[in-house]
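A quick write-up on the structure given underneath.
Protein chains: 2
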Amino acid sequence: MKTSVSINWLDKMAFEGEADGHKFIFDADPQVGGEGRGFRPKQFMMYALAGCTAMDVISILKKMRVEVEAFHVEVESELTEEHPKHYTSAHIIFTFKGKDLPMDKLEKAVNLSEERYCGVSTVYKKVMPVTTEIRIEE
Amino acid sequence: MKTSVSINWLDKMAFEGEADGHKFIFDADPQVGGEGRGFRPKQFMMYALAGCTAMDVISILKKMRVEVEAFHVEVESELTEEHPKHYTSAHIIFTFKGKDLPMDKLEKAVNLSEERYCGVSTVYKKVMPVTTEIRIEE
């Protein structure tokens, strides 16, 4: 299936992206000519991973009838210091809040996403370690 | 260098990301339980590529004293039909608008980004073909 995204230059280092009426801005830090008006493009690589697996997990848990009160996904990653500055690892921390949450089902949902459904993880795993961790907050 | 991003579950399939005061929403299509309130997470993989190389190119052209009136970056990509649905190629189209734009300098800027600076391209090139194309609009 063919897909496409595009961004338009605004000025200086700022670009705008738009899809289905939703917009965001990319901008660089002031020390490299930007004005900090938006997101760093590279961050979007890790937001893609967080969002892709988070949607899988919440939808699998719904099918398992596991009720979650709050859910938060963080991705910690290692970035090289030298050009081209790029990510070399991703560690995904899934934090759930709820009553008597069943760890086995949470693990199953996370594993299904990582092994079968998350197409972002599929790509990144080929070039860097992608690890996961589950935390429960009562 | 360690970096981190995170998203918070809102409800249904919607999540919110926030960095330095900037926000965006991820949401799924209605046919998979979402309400189309935001971006698809996977798209962010290709926005990351577009933004990363676009910022390189505009900043290299500035150093070369090439004046561009308008600049647009599109990424066309191929997505598998089967789970895990993932990208298998990326074609970046750089469209410049301006007077008497020097193609050799535009090419040099794009090549420098692809070969030396863009850390998103660096990662994706290891797992899929990443190609480029330059278009000039008078």
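Here the protein sequences come in this chain order: A and B. Mapped onto my numbering, the consecutive letters of the first sequence carry residue numbers -2 to 135. Mapped onto my numbering, the consecutive letters of the second sequence carry residue numbers -2 to 135. We treat Cβ as the ideally placed atom computed from N, Cα and C, and that holds for glycine.
Burial check for A:Thr128: the Cβ neighbour count within 10 Å stays below 16, so the residue is exposed. Our two residues, B:Pro38 and B:Trp6, have alpha carbons roughly 13 Å apart in a direct line.
Shown here for B:Ala16: same chain residues with a beta carbon closer than 8 Å to its own, the five before and five after excluded, namely Val2 in chain order. For A:Gly116, the uninterrupted alpha helix (DSSP H) segment begins and ends at Gly116 to Tyr121.
When Cβ pairs closer than 8 Å are counted between the two stretches, the stretch 26 to 36 of chain A is seen not to touch the stretch 79 to 95 of chain A, the count staying below three. For B:Glu75, the nearest CB of chain A lies under 9 Å from its own CB, placing it at the interface with that chain. Contacts with chain A (Cβ-Cβ distance below 9 Å) from the stretch 60 to 84 of chain B involve Val65, Ala67, Phe68, His69, Val70, Glu71, Val72, Glu73, Ser74, Glu75, Leu76, Thr77, Glu78, His80, Pro81, Lys82, His83 and Tyr84, listed in chain order. If the five residues before and after B:Glu64 are omitted, its C-beta is found closer than 7 Å to the C-beta atoms of Gly95, all from its own chain and listed in chain order. Contact of A:Gly95 with chain B is not assigned, every C-beta pair being separated by 9 Å or more. DSSP places B:Lys9 outside both helix and strand once states are collapsed to three, so it counts as coil.
A:Ala45 is positioned such that its CB atom lies closer than 9 Å to that of B:Ala45. With respect to the 9 Å criterion, A:Ala87 and A:Met125 are classified as neighbours on the basis of their beta carbons.
Counting other Cβ atoms within 10 Å of its Cβ, B:Thr119 reaches 16 or more and is therefore classed as buried. Interface criterion not met: the Cβ of B:Thr128 is under 9 Å from no Cβ in chain A.
Looking at the DSSP output, A:Lys94 bridges to A:Ala67 and A:Glu134.
If you draw a straight line from the Cα of A:Asp97 to the Cα of A:Ile133, it is about 10 Å long. Within the stretch 26 to 45 of chain A, the residues whose Cβ lies closer than 9 Å to any Cβ of chain B are, in chain order, Val29, Gly30, Gly31, Gly33, Arg34, Gly35, Phe36, Arg37, Pro38, Lys39, Gln40, Phe41, Met42, Met43, Tyr44 and Ala45.
In this structure, the CA atom of B:Ile131 is about 6 Å from the CA atom of B:Ile90. Just measuring C-alpha positions, the residue of A:Leu58, A:Ile57, A:Ala47 and A:Glu79 sitting nearest A:Glu73 is A:Ala47. Using a Cβ-Cβ cut-off of 9 Å, B:Met10 counts as an interface residue toward chain A, since at least one Cβ of chain A sits closer than that to its own.
The distance from the Cβ of B:Val54 to that of B:Val117 is about 13 Å, inconsistent with a contact at the 8 Å cut-off.
In the DSSP annotation of this structure, the continuous segment of the beta strand (DSSP E) that includes A:Phe21 starts and ends at His19 to Phe23. The bridge partners DSSP lists for A:Thr128 are A:His88. For A:Val107, the nearest beta carbon of chain B is not closer than 9 Å to its own beta carbon. For A:Val70, the closest of A:Thr92, A:Cys49 and A:Phe12 by C-alpha to C-alpha distance is A:Thr92.
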